Structure formats: structure tokens, C-alpha cells
Amino acid sequence: MINKYPLWKYLLIFVVVAMGVVYALPNLYPDDPAVQLTSQRGSIQVTDNELNKVTKALDSAGIGYFGQTIENNNGLIRFNSDDDQLKAKTIIQQALGENYVVALNLAPTTPEWLTNIGAGPMKLGLDLRGGVHFLMEVDMKEAIAQRNEVYVSEIKTLLRTERLRYRRITRDEGVISIRFKDEELREKAKFLLRNEFSDFTQSEREDGDSFYLELQLSEVAVRNIEDYAVKQNLTTLRNRVNELGVSEPIVQRQGRNRIVIELPGVQDTAAAKRILGATANLEFRLEARSDSSSLDTEEFAFRDNPNREATLERDIIITGNSVSNAQSAFDENGVPQVNIDLDSQGGKLMNRATRNNIRRRMAVVFVEHKVKTRIVEEAGEKIEQRLPYVEKHIISLATIQSALGNSFRITGLDAPGEASELALLLRAGSLAAPIYFVEERTIGPSLGKENIELGVTSVQIGMALVVIFMLAFYKGFGVIANLALTANLVLLAALMSMMSATLTLPGIAGIVLTLGMAVDANVLIFSRIKEELNNGMSPQMAIHSGFERAFVTIFDANLTTLLVAVILFAVGTGPVKGFAVTLSLGILTSMFTAIMVTRALVNVTHGGRQLKKLSI
């Protein structure tokens with residue numbers, strides 16, 4: 004019998020639409036503005052003591068809050084409004100001090116029964132709401148200092164290789180000063196270094212019986228190092244953002260030394276802030292011999308026991324820049340470790356250093372560039388003052404049993420979370436220079452709320468016009484088309500929620516366009532049915548013929564649009580990708596609802612009946 008589906012097909016369509024309704028439901032529960040608390044180090048937990056300290060500070064300030072909880076070692080406090088959230092951030096930071104990261108967040112309100120089946124809301128882009136904006140500044144002065152430190156090590160190695168004895172090498176305010184005992188040695192070194200280190204300008208001076216050769220980077224070299232630092236940091240931050248799994252992020256340079264990062268839809272902004280801002284690196288150094296000069300050694304405390312110290316050589320074997328891959332794991336005793344793979348140059352340097360120093364101990368030094376945040380008063384206003392500093396701690400000091408190569412492991416880490424975080428930072432690449440947060444914000448209620456309201460209004464107007472048009476032109480069949488159009492919107496929202504896609508303003512434009520394309524398929528089908536009726540076909544045959552003959556046209560039209568959407572996704576960035584994703588999903592759902600859902604509804608209402616005319 005024509006215009007009848009088998010039972011299984013009706014059930015399949017019903018199940019698909021019902022699942023769409025369930026997975027679209029979380030979008031009806033808006034997120035609460037919240038503040039998230041986490042420690043500077045991943046191994047330290049936020050406890051009830053810290054949470055009580057924060058709530059007392061909020062009570063004293065008269066700021067309303069609710070739903071304070073501790074989950075996954077992080078504290079979360081919810082607020083009634085965005086204004087309360089912004090006021091609370093400064094108060095909480097002042098109460099907890101510099102050892103904790105206080106980040107703005109959005110706390111989900113989806114019912115537990117929905118989250119248990121994996122249902123969650125769509126993420127909203129920064130132009131709507133949800134996500135975080137960071138403005139970060141690269142420390143150019145430290146970038147030059149780090150590069151000069153590498154040059155000092157290379158100059159020492161070169162002079163020793165050429166047997167040119169020097170008394171001392173110092174570095175001060177960008178000037179590398181080498182002291183010799185006579186002028187002849189200085190002249191030989193001057194000629195040698197001019198060929199090997201052409202980026203430096205050279206000058207000479209005498210002080211008593213000492214002859215100094217001073218090297219200073221040229222302006223062109225300084226600018227090249229600064230540009231490299233920003234570009235390398237851009238690459239590293241993009242890698243770290245990719246490791247965080249953020250959809251449609253923006254990481255771009257602003258001006259000479261600043262980088263803008265926008266992370267739409269991020270839930271754990273505190274972890275993002277800690278990982279993005281961490282200038283974590285490793286230094287591999289040999290333990291100093293007992294007879295080593297104090298000028299060639301440094302003392303470092305152990306990370307897990309600050310009261311324990313070891314004396315290491317100043318010369319660095321390799322740094323984390325030589326790491327090509329890093330993965331967290333556990334050793335045979337269940338202790339967390341990081342498995343390290345070096346690049347070819349790093350492997351050669353490590354092998355050369357270890358094969359000649361078997362039975363000596365080698366240290367792994369963990370280097371972090373941090374910022375202390377203090378709340379100070381200026382002109383009667385409380386402002387945040389940032390003081391950068393460097394922390395270097397030993398995380399491992401082990402005896403070299405045999406020559407090491409390109410692969411080895413690091414132990415001495417406190418917890419699995421710390422091992423995973425160190426592996427992530429090394430795998431994503433180290434920052435070429437320290438980088439500090441200059442600005443952090445989420446899109447506030449004014450712009451975000453207005454964009455949401457305008458976007459929803461545009462969808463409502465588009466939907467209303469389409470509904471009126473279909474009712475006016477196609478009467479009873481118009482009602483069926485409108486029901487299918489509603490199912491299309493529900494399925495589109497469900498798909499975007501299930502994929503954790505980020506909805507932006509261009510994405511809303513894609514939804515509005517999808518409304519037109521979805522109803523366009525119905526228009527083609529209904530126009531074909533009317534045409535067949537005018538040609539003298541019976542109502543049942545006209546319905547059957549209309550759906551069958553319009554299918555090829557609908558398929559071709561949607562396929563060509565889908566190809567364009569795929570190309571947009573492939574070559575576009577940011578908002579363009581958001582539009583392409585929404586449009587692509589909308590094409591798929593509109594094809595399903597226009598052909599399958601509409602046909603099922605028509606079959607249920609008109610199939611198997613003796614019809615003399617159709618309300619079309």
C-alpha cells in the first residue's frame with residue numbers, strides 16, 4: 004500500500020526525534036556565574052579550610068553566594084549575578100593570597116539525570132557568553148637574558164676547546180664581560196668570537212692587570228630574538244590550547260610583545276590559566292664536584308623537600324627545548340614518572356655528558372617563571388600588582404649508571420596530576436620567554452546578553468515568518484511542514500550539544516539559513532504534489548509521486564551547499580568555522596526532517612485513506 008511506512012521505520016523516526024528532544028533539553032538550563040579556586044601547583048588540593056576562609060571574606064563584604072563545593076581538588080562558588088562574580092574575584096584573591104589561582108567561570112545547572120546520560124548544553128562563544136579572554140605580555144627583557152645565558156655557556160665551551168684561558172665570564176644588563184690575564188689572549192679570543200658570534204658588537208677595556216672583552220648584542224639581533232620569542236610563544240600557546248581540547252580558539256599576536264587568547268566555551272578556566280601561563284622548563288645539570296669553585300656552582304632546594312639542598316654545576320647539559328615527546332606513566336612501584344624523548348641534537352649532548360661522567364649524579368631542575376599578585380591601594384582604589392619571579396627546584400637527583408641517549412625517564416614527582424601536567428607542558432613546547440597575564444575577562448552581561456537576545460529574536464522572527472508562509476500557502480500540509488521544522492531545530496540543537504560545538508553569532512546566522520533551507524525542501528515536495536494533482540492524479544498517487552520525484556532535486560541542492568560548507572570549514576578560521584559547522588549540521592537535519600519526518604507525518608494523517616481532495 005502506498006504512503007505507508009513499515010512499523011520499524013515509524014519507531015526509528017520516533018526514537019531519533021525523542022533522543023533529539025532529550026539531548027536538546029540541557030540548553031533550557033542557563034549556567035550560573037561562578038568563581039573557581041585552584042592551587043598554583045596541580046598536586047596541592049583546595050580544602051574546606053580555604054573554602055571557609057573565602058566564604059567569611061564574602062560575608063564580610065556583603066556579597067551573596069550559594070552552592071559552594073569542592074570537586075576534583077578545585078573549589079567552586081556560585082553567584083546570583085555577573086556583578087557579584089566580578090566583585091568577589093578580587094576579594095577571594097586577597098583572602099587566599101598568591102599561591103592560588105582565582106578564575107571566573109560558568110557553572111552548569113543541567114539536572115543530574117541528564118548529565119548521567121551524557122547530555123549537556125551547547126557552548127556559547129565569546130560573542131555570546133561563556134569562555135575567557137586573556138591578554139598576555141611576553142617579558143622581552145628576560146628573553147634577551149635567557150639568550151645571553153645560552154651564549155655564555157657556548158662561549159665558555161668554545162674558549163676551553165681552543166685552549167684560550169680566561170679568568171671569569173660575567174653577564175650584566177645585556178653585556179657579557181670576559182676577563183683575561185693579558186692582552187694577547189684577549190686579541191686571540193676577540194678574533195675567534197668575531198667569527199663565531201657575529202651578532203655581537205665588541206669593545207675593550209682594562210682595569211689594572213685585567214684585560215676585558217665585552218660583548219653586546221646588536222639592535223638587529225635583539226629585535227630578531229624578541230620576534231622569535233613572541234612567535235615561539237604563539238606556537239607553544241596554540242599547542243597548549245590544542246591539548247586543552249578547546250573548540251574554535253583564537254591565539255594571535257597583538258602589537259610588539261602581546262598575545263591575545265580567546266577560549267570560547269571553556270569550563271575549567273582556572274586550569275587553562277595555570278597551563279597557559281606556566282613557563283615550565285627543565286634543566287639537566289651535573290652535581291658539582293667537592294673541589295669546584297663557587298663561581299661555577301649553584302645551590303638548589305628540592306621541590307618535595309625545601310629543607311634539602313644540592314650543589315650543581317652552572318653549565319646546563321640540555322633544557323626542555325630538546326624534548327621531542329613526553330608522556331606521563333608509572334614505574335614498577337606505581338610511582339608517577341615522565342618518559343622523555345629527546346631530539347637528535349639533545350640526544351648527542353646528553354650522551355656526551357653522561358658517558359664521561361658515569362657514577363656521578365645528574366639533577367633534573369624544574370624551572371618556573373611565576374607572578375606574585377598583591378592587592379595594593381593607589382589613590383584610594385584597590386588594584387592588582389604583579390611581581391614576576393623565577394623558581395628553580397630539583398625534582399630528581401640520580402646517579403648516572405650508564406650513558407643516556409634519546410630516551411629516559413624522570414621521577415621524583417608528587418602526584419599523577421603533576422606528572423601529567425609536566426608532560427603536557429613539555430610536549431606542547433616550552434615558552435621561549437616568560438609570559439604574564441595582563442588582562443583576564445569573560446564577556447560580561449551587557450554585550451553577551453544583548454547578542455543572545457538579538458540572536459534569539461532573529462531565529463524567532465525567521466521561524467514565525469516561515470510558519471505563517473507555510474500555513475498561508477499550504478494549509479493542512481503547512482501544519483505538517485511546521486511540525487517537521489520544529490523537529491529540525493530540536494535535532495540541530497541536540498547534535499551541537501552532543502558534539503560540544505561552540506555557538507557564535509555567525510552560528511546563529513547558520514541556524515536562520517537552515518530554517519529557510521529546511522522549508523525549501525518542503526516547498527519543492529508540496530509544489531510537486533500540487534502539480535500532480537493539477538495533472539489529474541489521485542491524491543494518494545500525487546503524494547507518493549511528489550515525495551519520490553522531488554527527492555533528487557532536494558538531494559542535489561543540499562549536497563552542493565554541504566560541499567561549500569565543508570570548504571568553509573577547511574579554509575576558514577574562528578567565526579567562519581562556527582558558521583560552517585552550524586550550516587553543515589543544519590543541512591543534514593533538514594534533509595532528515597523534510598524527507599523522513601514530513602513523509603511519516605503525511606503517511607500517518609493521509610495514508611491508507613480514501614481521499615477526494617488534499618488541504619494543500
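Residue numbers (our numbering): 4 to 619. Note that the Cβ used here is the ideal one computed from N, Cα and C, for glycine as well. Predicted, not measured: the structure shown is a model, and the values here were computed from it.
Counting every other CB atom within 10 Å of its CB across the protein chains shown gives Val459 a total below 16, marking it as exposed.
Scanning its chain for C-beta atoms nearer than 8 Å, with the 5 sequence neighbours on each side dropped, one finds around Leu474 the residues Gly481, Val482, Asn485, in chain order. Look at the beta carbons and you see the region 513-524 not touching the region 133-144: under three pairs across the two are nearer than 8 Å. According to the DSSP assignment, Arg444 belongs to the beta strand (DSSP E) that extends over 438-444. When only Cα atoms are considered, Arg168 and Glu186 end up about 12 Å apart.
Counting other Cβ atoms within 10 Å of its Cβ, Arg288 reaches 16 or more and is therefore classed as buried.
When the five nearest sequence neighbours on each side are left out, the beta carbons in the same chain lying within less than 7 Å of the beta carbon of Arg552 are those of Arg531, in order along the chain.
Taking 8 Å as the cut-off, the beta carbon of Ser221 is found closer than this to the beta carbon of Thr204.
Here the C-alpha atom of Thr164 lies approximately 32 Å from the C-alpha atom of Asp230. Residue environment: Gln149 is assigned as buried (16 or more neighbouring CB atoms within 10 Å of its CB, all protein chains considered). With three or more CB-CB distances shorter than 8 Å, the region 103-118 counts as touching the region 21-38. Gln340 sits buried, since 16 or more C-beta atoms from the chains shown fall within 10 Å of its C-beta.
Proximity to Ala406 across Met466, Thr238, Ala356, Arg364 peaks at Ala356, based on C-alpha coordinates.
8 Å or more divides the Cβ of Val393 from the Cβ of Val367.
Residue burial is scored here from C-beta neighbours: Leu240 has at least 16 other C-beta atoms within 10 angstroms and is therefore classed as buried. Collapsing the DSSP output to three states places Ile181 in a strand. DSSP, reduced to helix, strand and coil, places Gly78 within a strand of the structure shown. As the crow flies, the alpha-carbon of Ser201 is around 37 Å from that of Ile398.
Asn76 and Thr50 have their C-alpha atoms some 8 Å from each other.
Of the candidates Gln613, Ala504, Lys616, Asn606, Asn606 places its Cα closest to the Cα of Leu10. Residue pairing by DSSP places Phe333 opposite Pro339 in a beta bridge. Residue Val567 holds the alpha-carbon nearest to the alpha-carbon of Leu588 among Ala603, Thr601, Val567, Arg602. Of the residues assessed, Ser325 falls on the buried side of the cut-off, its CB having 16 or more other CB atoms within 10 angstroms. Relative to Asp318, the option among Glu302, Asn308, Thr601 whose CA is nearest is Glu302. Leu536 and Ile619 have their C-alpha atoms spaced approximately 10 Å apart. The beta-carbon separation of Ile253 and Ile264, rounded to 7 Å, stays under the 8 Å limit for a contact. At a cut-off of 4 residues, the continuous stretches assigned as alpha helix (DSSP H) that sit fully inside the region 119-197 are 143-164. Straight through space, the alpha carbons of Leu266 and Lys276 are spaced by roughly 11 Å. Between the alpha carbons of Gly465 and Gly23 lies a distance of about 21 Å. Just so you know, the alpha carbons of Val526 and Ile546 end up roughly 13 Å apart.
For Val105, the enclosing beta strand (DSSP E) begins and ends at 103-110.
One thing to note: Ile95 has its Cβ within 8 Å of the Cβ of Val57. Here the region 583-598 lies against the region 499-513, with 3 or more beta-carbon pairs under 8 Å apart.
Of Val379, Asn342, Val441, the smallest CA-CA separation from Arg412 is found for Asn342. Under the 10 Å beta carbon count, Ala422 is surrounded by 16 or more other beta carbons and is classified as buried. Residue state for Gln48 is assigned as coil, using DSSP reduced to three classes.
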